[in-house]
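Asker: First residue of the sequence shown: 1, per this note's numbering; consecutive thereafter. Quick reminder that beta carbons are idealized off the backbone N, C-alpha and C, glycines included. Note that the structure is predicted; figures quoted are calculated from it, not measured. Quick one: the structure is below, questions incoming.
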Amino acid sequence: MKRMNIGFLASHNGSNMQAIINACKTGVLQASPVVVISNNAGSGALARAKQEGILSYRFSSKTHPDPAELDLAILDAMLEHQVDIIVLAGYMKKIGPKTLSHFSSRILNIHPSLLPKFGGKGMYGSRVHQAVIASGEKESGVSIHIVDAEYDTGPVIAQARVPVESVDTPEVLASRILQCEHTFFAETLQKIVTGEIVLPGPRANVPKNAVSDTDP
Ligand code: GAR
């Protein structure tokens with residue numbers, strides 16, 4: 001069984017990142033969290049990384065005003081730490097072309113709706129749940145998709161459905177969906193490890209620098 005190295009990009013609380021780290025620790029997910037990058041100096045994600053002893057960086061338009069340099073800084077950090085898969089755990093920025101190209105089909109995002117519904121620019125956090133409730137949907141959910149150059153448009157690889165109750169406020173729905181996200185992301189990543197979900201592209205499902213547990 002292969003172990004894959006995960007590099008995180010996260011902007012805010014990082015509870016999805018924490019759930020994945022926890023799954024790695026318990027063995028539910030056979031992967032290793034190796035680096036965390038946040039654009040937000042005060043993010044919970046950076047605090048969690050420190051607490052977990054995972055190397056972390058704050059890279060943003062403040063540290064790297066040139067978008068091309070920011071892209072390269074992110075790519076270099078992911079390469080330096082031998083990342084196999086980049087996980088966007090509540091990351092609210094676009095990914096630059098060099099990182100996208102090098103990690104083609106190996107960058108995954110989680111979004112709190114059933115994409116393609118309720119995705120795109122400006123659709124994040126409670127705005128998503130407000131829109132779902134306002135449109136009278138009976139169900140919402142969680143989508144995990146491959147990241148491309150736009151917001152929430154890449155191919156969906158897994159979805160989980162969550163009911164919307166008639167009495168739901170955006171906060172209540174957000175909490176129900178977040179709870180689902182916390183198990184679903186790790187489960188989906190483990191399916192990639194085992195080959196149950198095959199990512200597209202020329203490379204093997206578990207990328208070339210992943211190391212087998214049984215290798216000497
Ligand atoms: C999660 O609900 C995630 O789906 C959402 O941000 C939240 C991050 O929570 N992402 C998006 O809306 C992306 N468009 P977390 O920081 O506690 O993991």
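Which ranges would you report for the alpha helix (DSSP H) in the stretch 4-65 if only whole runs of at least 4 residues count?
Answerer: Fully enclosed alpha helix (DSSP H) runs of 4 or longer: 15-26, 44-52.
Asker: Quick one: grab the DSSP three-state call for L108.
Answerer: What you label residue 108 is simply residue 108 of the sequence shown in a count that begins at 1. Collapsing the DSSP output to three states places L108 in a strand.
Asker: With a threshold of 8 Å, are at least 3 pairs of Cβ atoms found where one atom belongs to the stretch 157-167 and the other to the stretch 126-141?
Answerer: yes
Asker: Considering A70, what are the terminal residues of the alpha helix (DSSP H) in which it resides?
Answerer: Within the sequence shown, numbered from 1, the residue matching residue 70 stands at position 70. At residue 70 the sequence reads Leu, which differs from the Ala that was named. Looking at the DSSP string, the run of the alpha helix (DSSP H) that includes L70 is 67-80.
Asker: Taking the beta strand (DSSP E) that V142 belongs to, which residues open and close that run?
Answerer: For the purposes of this step, residue 142 is taken as the residue at position 142 of the sequence shown. Counting along the chain, the beta strand (DSSP E) containing V142 begins and ends at 139-146.
Asker: Which residues mark the beginning and the end of the alpha helix (DSSP H) in which I192 is found?
Answerer: Mapped onto the sequence shown, residue 192 falls at position 192. That run of the alpha helix (DSSP H) goes 170-194.
Asker: Less than 7 Å between the CB of H145 and some heavy atom of the ligand GAR, yes or no?
Answerer: Walking along the sequence shown from the start, residue 145 turns up at place 145. No, since every heavy atom of the ligand GAR falls outside the 7 Å radius drawn around the Cβ of H145.
Asker: CB of P112 to nearest heavy atom of the ligand GAR: below 7 Å?
Answerer: Taking the first residue of the sequence shown as 1, we reach residue 112 at position 112. The answer is yes for P112.
Asker: Going by Cα to Cα distance, which pick from M17, G7, S11, T63 is closest to K179?
Answerer: Counting from 1 along the sequence shown, the entry for residue 179 is found at position 179. It should be pointed out that residue 179 corresponds to Gln in this sequence rather than to Lys. Q179 has its Cα closest to that of M17, out of M17, G7, S11, T63.
Asker: Could you tell me the distance, in whole angstroms, from the CA atom of M123 to the CA atom of H102?
Answerer: Here residue 123 refers to the residue found at position 123 when the sequence shown is read from its first residue. Here residue 102 refers to the residue found at position 102 when the sequence shown is read from its first residue. About 27 Å.
Asker: For L114, which option in A158, I107, L55 has the closest C-alpha, if you only look at C-alpha atoms?
Answerer: Position 114 of the sequence shown, counted from the start, is the residue given in the question as residue 114. Considering only alpha carbons, the answer is A158.
Asker: Do F8 and N39 have their beta-carbon atoms positioned less than 8 Å apart in this structure?
Answerer: Position 39 of the sequence shown, counted from the start, is the residue given in the question as residue 39. Position 8 of the sequence shown, counted from the start, is the residue given in the question as residue 8. Not closer than 8 Å, so no.
Asker: Any heavy atom of the ligand MN closer than 7 Å to the beta-carbon of D152?
Answerer: Questions concerning the ligand MN fall outside what the structure shown contains, since the ligands it does hold are the ligand GAR.
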